[in-house]
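In the order they appear, the protein sequences are chains P and C.
Start counting the first sequence at 5; every next residue gets the next number (my numbering).
Start counting the second sequence at 5; every next residue gets the next number (my numbering).
Beta carbons are placed, not taken as given, at the ideal position from N, Cα and C, and that holds for glycine.
Number of protein chains: 2
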Amino acid sequence: MRNVLETPEGLAERLAHSGLRPTEQRKVVYGVLLKNRNHPTADEVFAHIRSEMPSAAVSMATVYNCLETLVQCNLVRQVNFERGPTRYCPNLRPHAHFHDEATDTIHDIELPAGLLEQLHSILPPGHQANSVEIIFRGKSGPSS
Amino acid sequence: MRNVLETPEGLAERLAHSGLRPTEQRKVVYGVLLKNRNHPTADEVFAHIRSEMPSAAVSMATVYNCLETLVQCNLVRQVNFERGPTRYCPNLRPHAHFHDEATDTIHDIELPAGLLEQLHSILPPGHQANSVEIIFRGKSGPSS
DNA sequence: AATTATCTTGGAATGATTCTAATCCTCACT
DNA sequence: AGTGAGGATTAGAATCATTCCAAGATAATT
């Protein structure tokens, strides 16, 4: 079941909520992320727009700006692996990431109920975490 | 109980094992990491050497080279937060990191027995992870 | 001592991202 | 329709961490 926010429609509403405009560029960038769920980099989003919808004129600077805006509006999360380029992910539900080193691809791992709570519980007294990030590294078989 | 490798003595042995020399610079850099367990960046290691041991002539390029070498020899781990500069950590035992956003400091969180195994067990079939990284973000109280 | 391999180094190059300052839209109000 | 204000987009410069490079220093081996 996909979150209601993860739709092109949610975008305008969410932007308006921050006093921002649902411009063509923002729609295009968000659309690419929704359709293309392999955690693309800014570069990849840019290339994707260039090749698949050459009519849409979007500059690199704008791709960065739009992605930043989407992150601010909590429509998109950014994920970093090592010092590689930042990747963008429209899956807002808590999840872990699996980085397949063989193919250099990333995909989401759903978390069983209670896992996050359990993780928080390992923190020593006085620690107040507002987010946890879990990254697996390895190889995922052909069955994936 | 500190791992036997986490000593200046372990360095020469471990380097020799890879056919590398225990140079002055490598000893200095490793020494800084051992004494300075707050996950310093390359820049911070460099500054530390400059101020605390001005006699040791070590260039920035060499700091990077030495850190890289130590990582290759499994004497040191590198840790990244967002896209900030890479940080270095001589704690080789599995542990999580807590990033205190108020003070922008990082510290290690020990993992209870079995947690890593449990985390691996949430992976869908066909996934073979060879490492897991856990990063908490938040603030740690004064008691820390 | 000569040869060879390893190390260190300053500075140039790289790559992702951010900044800047100019231009472009869009909308409300005349 | 015309104007003005603020938001949005853009090309290109600037930044920052890191890597690369080519040269010189150091140490080990012959």
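Chain-ordered neighbours of residue i on chain P, where CB pairs are closer than 7 Å
i       : result
C/Thr90 : Arg87
Candidates the options: closest to residue i by CA position
i        : options                                : result
C/Arg97  : C/Ala20, C/Tyr34 and C/Leu79           : C/Leu79
P/Ala16  : P/Thr66, P/Val62, P/Pro44 and P/Cys77  : P/Cys77
C/Leu115 : C/His99, C/Ser125 and C/Gln122         : C/His99
C/Thr107 : C/Arg30, C/Asn42 and C/Ala20           : C/Asn42
P/Gly35  : P/Met64, P/Thr66 and P/Thr11           : P/Thr11
C/Glu56  : C/Arg87, C/Val32, C/His101 and C/Arg18 : C/Val32
P/Ser63  : P/Leu74, P/Thr73 and P/Val49           : P/Val49
C/Leu19  : C/Ala51, C/Val75, C/Ala60 and C/Asp47  : C/Val75
C/Ala65  : C/Ser59, C/Thr73 and C/Pro58           : C/Thr73
P/Asp47  : P/Pro146, P/Ser135 and P/Val67         : P/Val67
C/Glu105 : P/Arg81, P/Ala61, P/Pro89 and P/Ser135 : P/Ser135
CB contact flag (residue i, residue j, <7 Å)
i        : j        : result
P/Pro94  : P/Leu38  : yes
C/Thr27  : C/Arg91  : no
C/Ala137 : P/Ile53  : According to the sequence shown, residue 137 of chain C is Glu rather than Ala. Not in contact: C/Glu137 and P/Ile53 (Cβ atoms no closer than 7 Å).
C/Ser144 : P/Gly23  : no
C/His124 : C/Ala117 : no
C/His111 : C/Phe85  : no
Neighbour list for residue i in chain C, Cβ cutoff strictly below 7 Å
i       : result
P/Asn84 : Asn84, Glu86 and Arg87
Interface partners of residue i on chain C, CB under 8 Å
i        : result
P/Phe102 : Leu127, His131 and Ala133
P/Val136 : Ile138, Ile139, Phe140 and Arg141
P/Pro116 : Ile126
Partners in chain C for residue i, counting only beta-carbon separations shorter than 9 Å
i        : result
P/Ile113 : Ile126, Leu127, Pro128 and His131
P/Ser144 : Leu127, Pro128, Gly130, His131, Gln132 and Ala133
Partners in chain P for residue i, counting only beta-carbon separations shorter than 8 Å
i       : result
C/Pro94 : None at all; the shortest Cβ gap to chain P is about 19 Å.
Whole-Å CB distance - residue i paired with residue j, under 8 Å assumed
i        : j        : result
P/Gln122 : P/Cys70  : With a Cβ gap of about 36 Å, P/Gln122 and P/Cys70 do not count as contacting.
P/Arg141 : C/Arg87  : In fact, because the Cβ distance is near 18 Å, the residues do not count as touching under 8 Å.
C/Leu119 : P/Ile113 : The pair is not a contact, with the Cβ atoms about 16 Å apart (cut-off 8 Å).
Interface partners of residue i on chain P, CB under 9 Å
i        : result
C/Pro12  : Correct list: empty, because the minimum Cβ distance to chain P is about 28 Å.
C/Leu119 : Gln122, Leu123 and Ile126
For the segment 25 to 47 of chain P, which residues have a beta carbon sitting closer than 8 Å to at least one beta carbon of chain C?
For the segment 25 to 47 of chain P, the beta-carbon criterion of a distance under 8 Å to any beta-carbon of chain C is satisfied by none of its residues.
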